[in-house]
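In UniProt numbering, the protein residues as written are 1 to 392.
As structure tokens, this is what we get:
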């Protein structure tokens, strides 16, 4: 069959139109569509031998200016991890767990106490902290807690206050230090990066993060949101903030902030009073619907088959660890979460290192000082303190 040059261009045009149409259908399934057209063109007039003209159309993102949903992170290495239950924990809703020396501090949402102290050497709970209530030495849930050798910082998230304390690790006592800090009501999470500076996320009209001083004053505004959903750049910031709720970790030596939402991992470089994006990685494709008005804002996933994604973040000097839930929204709503938790490991440049496949469902986690084990609150089937040890 002889194909003229004019016919060839016509066929190419038709194929491009079909390719673009199919790409728009398949983009949210992370599918790359490749069209290969082999045209046998016998050019008799030039007395040339038969030629195979191979036209390869790879629908790449820059070619069609589409969203970045194709760039989901992938791992070339994976390993398994075995979990061991250490102690049943009478926790209503696990919020967080952190390790300081020999003690694991496990946060609760609505217990009589909001923080339980577990001794690894004694293999038992040795104390309770942060009694829940509205008295002068009581706390309102939910709280964020940050502990050092001699100090503590407690954030009452839904009451928009925070307080510095002195902390005695021997008897687990805390004592108020300074004045009660009143925070803007638009703030959801805070994270201390120094003695005088905090990073805050929440629902803000004109930025992604706030940088606060230790009195809760806004020093500066920084950052923007991911743009992996088609048209996401036109969505109001308040709706983006509601959907991309953040959890943090910080590397003091690198002055680099790790930020994980359910779907995206980001690394931000901190310089005095500003954050600059270093790396942004798509953990799981997403699509959400929203409603934003002067009085309220609403945003949630509208894809029942989207994975739940990142549930937590932990960091060490060497790595960033993301606790990942591969179950879908549909499985969660139907209470049929059958897939175990995963821990995704990245270096501080954002390079994927390995995927750790656990044998349990983890609610919250932290990493030990040697980067060899993880401590967690897991279901076995009731909530318990546990340790997860990757195979090597």
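All residues carry an ideal CB built from backbone N, CA and C; glycine is no exception.
- Non-local beta-carbon contacts of residue 111 in its own chain, meaning distances under 6 Å to residues more than five positions away in sequence, involve 92 in chain order.
- Residue 182 sits in a strand when the DSSP states are folded into three classes.
- Residue 248 and residue 122 have their C-alpha atoms spaced approximately 30 Å apart.
- With distances taken between CA atoms, residue 356 lies nearest to 374 out of 350, 364, 374 and 363.
- Counting along the chain, residue 372 sits inside no beta strand (DSSP E), nor does DSSP assign it H or E at all.
- By the neighbour-count criterion, in which a residue is buried when 16 or more other Cβ atoms sit within 10 angstroms of its Cβ, residue 295 is exposed.
- In the pairwise beta carbon analysis, the region 214 to 227 is classified as touching the region 172 to 183: at least three pairs are separated by under 8 Å.
- Closest in alpha carbon position to residue 371, among 387, 211, 297 and 277, is 387.
- Between residue 85 and residue 378, the alpha-carbon positions lie close to 8 Å from each other.
- The beta strand (DSSP E) runs of length 3 or more contained entirely in the region 283 to 315 are, from start to end of the chain, 288 to 292, 297 to 301 and 307 to 315.
- By the C-beta density criterion, residue 251 is buried, having at least 16 other C-beta atoms within 10 angstroms.
- By the Cβ test, the region 295 to 312 is in contact with the region 267 to 287, since at least three Cβ pairs between them sit closer than 8 Å.
- Secondary structure at residue 240: helix, using DSSP grouped into helix, strand and coil.
- The alpha-carbon separation between residue 148 and residue 230 amounts to approximately 43 Å.
- For residue 197, the enclosing beta strand (DSSP E) has its first and last residue at 197 to 202.
- In this structure, 211 is the residue among 102, 79 and 211 with its C-alpha nearest to the C-alpha of residue 196.
- Here residue 297 really is in contact with residue 203; their C-beta atoms are around 6 Å apart, less than 8 Å.
- Burial state of residue 90 is exposed, judged by a 10 Å Cβ sphere holding fewer than 16 other Cβ atoms.
- For residue 332, the enclosing alpha helix (DSSP H) covers residues 329 to 333.
- The three-state secondary structure of residue 266, taken from DSSP, is strand.
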